[in-house]
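In order, the protein sequence lines correspond to chains E and Y. Every position in the first sequence, counted from 1, becomes a number in this note's numbering once 14 is added. Every position in the second sequence, counted from 1, becomes a number in this note's numbering once 14 is added. Even glycine gets a Cβ: it sits at the ideal position worked out from N, Cα and C.
There are 2 protein chains.
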Amino acid sequence: MDWKQNSLTERLGIQYPIFQAPMAGGLTTPELISWVSNCGGLGNMGAGYMMPDDIRADIKKVRELTNRPFGINLFVPDCDVSAKAEDISAMCTVLERYSSELGMAEKPLLPEKDYALLYKKQLAVLMEERVPVCSFTFGIPDNADISELKKQGTMIFGTATNVNEAVEWEEAGADIIVVQGSEAGGHRGTFQKEESGMIGSMALIPQAADAVSCPVAAAGGIMDARGIAAAMILGAEGVQLGTAFLTCRESGAHPLYKQALLNARKDRTAVTKAFSGKPARGIHNRFMKEMKGVQALPYPLQNDMTAPVRKHAAKLERPEFMSLWAGQGMGMAEEVTVKELMSKLVKGTEALLDK
Amino acid sequence: MDWKQNSLTERLGIQYPIFQAPMAGGLTTPELISWVSNCGGLGNMGAGYMMPDDIRADIKKVRELTNRPFGINLFVPDCDVSAKAEDISAMCTVLERYSSELGMAEKPLLPEKDYALLYKKQLAVLMEERVPVCSFTFGIPDNADISELKKQGTMIFGTATNVNEAVEWEEAGADIIVVQGSEAGGHRGTFQKEESGMIGSMALIPQAADAVSCPVAAAGGIMDARGIAAAMILGAEGVQLGTAFLTCRESGAHPLYKQALLNARKDRTAVTKAFSGKPARGIHNRFMKEMKGVQALPYPLQNDMTAPVRKHAAKLERPEFMSLWAGQGMGMAEEVTVKELMSKLVKGTEALLDK
Numbered sequence: 015m016d017w018k019q020n021s022l023t024e025r026l027g028i029q030y031p032i033f034q035a036p037m038a039g040g041l042t043t044p045e046l047i048s049w050v051s052n053c054g055g056l057g058n059m060g061a062g063y064m065m066p067d068d069i070r071a072d073i074k075k076v077r078e079l080t081n082r083p084f085g086i087n088l089f090v091p092d093c094d095v096s097a098k099a100e101d102i103s104a105m106c107t108v109l110e111r112y113s114s115e116l117g118m119a120e121k122p123l124l125p126e127k128d129y130a131l132l133y134k135k136q137l138a139v140l141m142e143e144r145v146p147v148c149s150f151t152f153g154i155p156d157n158a159d160i161s162e163l164k165k166q167g168t169m170i171f172g173t174a175t176n177v178n179e180a181v182e183w184e185e186a187g188a189d190i191i192v193v194q195g196s197e198a199g200g201h202r203g204t205f206q207k208e209e210s211g212m213i214g215s216m217a218l219i220p221q222a223a224d225a226v227s228c229p230v231a232a233a234g235g236i237m238d239a240r241g242i243a244a245a246m247i248l249g250a251e252g253v254q255l256g257t258a259f260l261t262c263r264e265s266g267a268h269p270l271y272k273q274a275l276l277n278a279r280k281d282r283t284a285v286t287k288a289f290s291g292k293p294a295r296g297i298h299n300r301f302m303k304e305m306k307g308v309q310a311l312p313y314p315l316q317n318d319m320t321a322p323v324r325k326h327a328a329k330l331e332r333p334e335f336m337s338l339w340a341g342q343g344m345g346m347a348e349e350v351t352v353k354e355l356m357s358k359l360v361k362g363t364e365a366l367l368d369k
Numbered sequence: 015m016d017w018k019q020n021s022l023t024e025r026l027g028i029q030y031p032i033f034q035a036p037m038a039g040g041l042t043t044p045e046l047i048s049w050v051s052n053c054g055g056l057g058n059m060g061a062g063y064m065m066p067d068d069i070r071a072d073i074k075k076v077r078e079l080t081n082r083p084f085g086i087n088l089f090v091p092d093c094d095v096s097a098k099a100e101d102i103s104a105m106c107t108v109l110e111r112y113s114s115e116l117g118m119a120e121k122p123l124l125p126e127k128d129y130a131l132l133y134k135k136q137l138a139v140l141m142e143e144r145v146p147v148c149s150f151t152f153g154i155p156d157n158a159d160i161s162e163l164k165k166q167g168t169m170i171f172g173t174a175t176n177v178n179e180a181v182e183w184e185e186a187g188a189d190i191i192v193v194q195g196s197e198a199g200g201h202r203g204t205f206q207k208e209e210s211g212m213i214g215s216m217a218l219i220p221q222a223a224d225a226v227s228c229p230v231a232a233a234g235g236i237m238d239a240r241g242i243a244a245a246m247i248l249g250a251e252g253v254q255l256g257t258a259f260l261t262c263r264e265s266g267a268h269p270l271y272k273q274a275l276l277n278a279r280k281d282r283t284a285v286t287k288a289f290s291g292k293p294a295r296g297i298h299n300r301f302m303k304e305m306k307g308v309q310a311l312p313y314p315l316q317n318d319m320t321a322p323v324r325k326h327a328a329k330l331e332r333p334e335f336m337s338l339w340a341g342q343g344m345g346m347a348e349e350v351t352v353k354e355l356m357s358k359l360v361k362g363t364e365a366l367l368d369k
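In structure tokens form, the structure reads like this:
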């Protein structure tokens, strides 16, 4: 196969339409991003939770490590997120079980944050830095912001979990739509009706590709060359892999998290709101199990409330309380370098599609 | 591509490793089954709910219409299914809402049936008739039954929804394992832990193919040549399509059901236990919505309780109370004959895999 004939490689100025997923929470180190881009793919920073200055600093590091294109992902905030005082206090009580088991001095509490303001400042950094690609999850930015980004030459990637969302993104001006199958690890990008957002890649890719005229990239369950070739045959012009990059040496995943992924052949994933308030897929662990019946606060309040417990658990090496985001393909994860992985993906796809 | 090099075509004595899914409930008419087999695929009878004499009569009709191989699917019964009298009576009250809205004279009640005995008698018919292929859903038959079937030359297809189930089926002696991705319409074949049975085809096919040494056939979300080619690249040696065959002229689906599938581009599917007591995927309709919070009786009790309402609704052309089983690929359904569909599938797959 000739990768140059692919519509995405030329538009993006990359060699292979293979994107490393922008996983938030310290996973996408500048090393990971730049290695992926240096190997001909597209590295992406999961900047949803990052402070504007940290985004700027990481962009600088990425640019020191590569002169190839890369992307930054932001979470579009929901408007008017709030919770009743009694629900917040009930969640504090629930989480105290864990903070006390972990011997934490501080009790769970809800920090005050202005998410709309954070997003505006994050966006301002992306504009100032003129990043090559901006991707968005949980919603579609304002028309004005999209126009501004496009005017300065930034490519816009939208995240869709069903055909209707893909159509909405196309109308909003996305250059590429990443369709996230139900297999995907981490947060569901769903921004319309949550319940309709769990469509498997096998059904989602062809229906989305048929419904929109801009290129579609596939995410969800893709772990190796077989997944890439299959996604492209189904109608995708690019692919986005998250879990496969998590076990790379260059990823920022906690060693215990990497180990859990590599040992996951017999484990299963589940979708939970317990960690963040929005549905996300990860390795099924004790926290997810015990929180099953508990009503989570809306995102991102639940995320802020559980953050100290998760951080402390990581420090104490207690993965049963960590958010171990993982896709359903995790049984195929391997301990590799980005260079090894990219080489296997590219050569394997060529072998499968050339016959 | 050379279909003869496929491991399944030779073993099964068919031209193309394309199976029409054995959909229960009058959908797989002898015409549908025989047309699929005559076109070089494998037609399958969904005999799970059928009386032994009806199975025998339909096998006779199929044999009059084709001399090619075909398959019969049975549901392996759970042992000791029962419900408390108060739960049954509560479900009667819930369903009275619908029987009364439909103007039905009879009130909902639970018929007495011996499912273990029915299964034994169904199995006896398959043995007597020496059918070429027997497939099983919801469980694995006794060793003795599997041995007996194999001794007489019947091929055994097992249904698995996760890697562990696939491994269990291989150990039990399955000739082929049909792995059912979460995209699939109708009943989930899950027989181990229900919650781990919702894995998308993109992740399930390669992991199952890696885990077992017998051939794997893929079901779930496959609607056209793109899906077949993708599944084969992911590691499947055969494919099973249900929803795509439902809108064929030869299928036994109610005209309203076919129409609902053909108009489903904007609709969504959901998984519900409301109709049968076991999770199954269908077009999201009023019955599913209203029954959402209601605890269903165990399968097949719930199925028997709701049967009169569903039948009456079909008679009165009220699809909002019918079980409109459908996979997540339903937006790709087309009004065709089996001959047209099979030709498109075969030629399309050849075109995709030959380049």
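Say whether chain Y places a C-beta atom closer than 9 Å to the C-beta of Lys18(E).
So, not an interface residue.
Contacts that Leu255(Y) makes with chain E (C-beta to C-beta distance below 9 Å):
Neighbours of Leu255(Y) on chain E: none; closest Cβ ~11 Å, over 9 Å.
Let's test the definition: count the other Cβ atoms within 10 Å of the Cβ of Val308(Y) and tell me whether it reaches 16, buried, or not, exposed.
exposed
Residues of its chain near Ser21(E), where Cβ-Cβ distance is below 8 Å and the 5 sequence neighbours each way are ignored:
Contacts found: Pro229 and Glu251.
Please list the partners that Ile247(Y) has in chain E, where partner means a Cβ-to-Cβ separation under 7 Å.
What Ile247(Y) touches in chain E, judged by beta-carbon distance under 7 Å, is Arg240, Ala243, Ala244, Ile247 and Leu366, going in chain order.
Alpha-carbon to alpha-carbon, Pro312(E) and Thr107(E):
Each residue's Cα considered, the two are about 17 Å apart.
Reference Ser149(E), options Met141(E), Arg263(E), Thr173(E) and Lys165(E), closest by Cα
Thr173(E)
Report the rounded CA-to-CA distance for Thr351(E) versus Val285(E), giving the unit in angstroms.
28 Å
Ranges of the beta strand (DSSP E) found wholly within the segment 131–178 of chain Y, counting only runs of at least 3:
147–151 and 169–174
Arg300(Y): contacting residues in chain E (beta-carbon distance under 7 Å):
What Arg300(Y) touches in chain E: nothing, since even the nearest Cβ is about 15 Å away.
Taking 9 Å as the CB-CB limit, is Lys358(Y) close to chain E?
No, its Cβ sits nowhere closer than 9 Å to a Cβ of chain E.
Can you tell me where the beta strand (DSSP E) with Ala88(E) in it begins and where it stops?
Note on identity: in this sequence residue 88(E) is Leu, with Ala being the wrong assignment. Phe84 to Phe89 is the extent of the beta strand (DSSP E) around Leu88(E).
C-beta atoms of Ala245(Y) and Gly296(Y) nearer than 9 Å:
no
Could you say which of Pro220(Y), Glu179(Y), Gln273(Y) and Ser227(Y) lies nearest to Met344(Y) if we only look at CA atoms?
Gln273(Y)
Within 7 Å of chain Y by C-beta, residues of the segment 217–229 of chain E in sequence order:
Ala217, Pro220 and Gln221
Considering Ile213(Y), what are the terminal residues of the alpha helix (DSSP H) in which it resides?
Segment: none, Ile213(Y) is in no alpha helix (DSSP H) and carries neither H nor E.
Quick check on this structure: which residue in Thr151(E), Lys75(E), Glu100(E) and Ala61(E) has the alpha carbon closest to the alpha carbon of Gln136(E)?
Here the closest residue by C-alpha is Ala61(E).
Could you check whether the Cβ of Asn81(Y) sits closer than 9 Å to any Cβ belonging to chain E?
no
On the criterion of 16 or more Cβ atoms from any shown chain inside 10 Å, does Asn58(Y) qualify as buried, or is it exposed?
buried
With 9 Å set as the bound, which would you pick, yes or no: does the beta-carbon of Glu197(E) sit closer than that to a beta-carbon of chain Y?
yes
At least one CB of chain Y closer than 9 Å to the CB of Ser21(E): is that the case?
no
Roughly how many angstroms separate the alpha carbons of Met212(Y) and Ser196(Y), rounded to a whole number?
5 Å
Short-range partners of chain Y found in the segment 281–313 of chain E, where Cβ spacing is below 8 Å
Arg282 and Ala284
Between the segment 167–195 of chain E and chain Y, which residues of the former have a C-beta closer than 8 Å to a C-beta of the latter?
Of all residues in the segment 167–195 of chain E, Asn176, Val177, Asn178 and Gly195 have a Cβ within less than 8 Å of some Cβ in chain Y.
Of the choices Val360(E), Thr363(E), Pro322(E) and Ala217(E), whose alpha-carbon is the least far from that of Leu381(E)?
Because chain E here runs from 15 to 369, residue 381(E) falls outside it and cannot be looked at.
Which stretch, first to last residue, makes up the beta strand (DSSP E) that contains Thr286(Y)?
Thr283 to Thr286
If you measure between the beta carbons of Lys292(Y) and Cys53(Y), is that distance less than 9 Å?
Not a contact, by the Cβ cut-off of 9 Å.
Could you list which residues in chain Y have their beta carbon closer than 8 Å to that of Ser370(E), in chain order?
Absent from the model: residue 370(E). The displayed extent of chain E is 15 to 369, so no value can be given.
So, using beta-carbon positions, are Thr23(E) and Ser48(E) closer together than 9 Å?
Against a cut-off of 9 Å, the Cβ pair of Ser48(E) and Thr23(E) comes out as no contact.
Report the neighbours of Met37(E) on chain Y: residues whose CB is nearer than 8 Å to its CB, in chain order.
In chain order: nothing, as chain Y lies at least about 17 Å away.
From the beta carbon of Gln342(Y), is the nearest beta carbon of chain E less than 9 Å away?
yes
Relative to the C-alpha of Gly85(E), which candidate in Met37(E), Thr363(E) and Asn176(E) has its C-alpha closest?
Met37(E)
Met64(Y): contacting residues in chain E (beta-carbon distance under 7 Å):
Those within 7 Å of Met64(Y) in chain E number zero; the least Cβ separation is about 29 Å.
Among the candidates Ala222(E), Lys75(E), Leu41(E) and Asp72(E), whose CA atom is the shortest distance from the CA of Glu373(E)?
Because residue 373(E) is not part of the residues shown, which for chain E are 15 to 369, the question remains open.
With a cut-off of 8 Å on the beta carbons, I'd call Ala267(Y) and Leu260(Y) a contact; round off their distance for me.
5 Å
Taking the alpha-carbon of Pro91(Y) as reference, which of Pro122(Y), Ser113(Y) and Lys134(Y) has the nearest alpha-carbon?
Lys134(Y)
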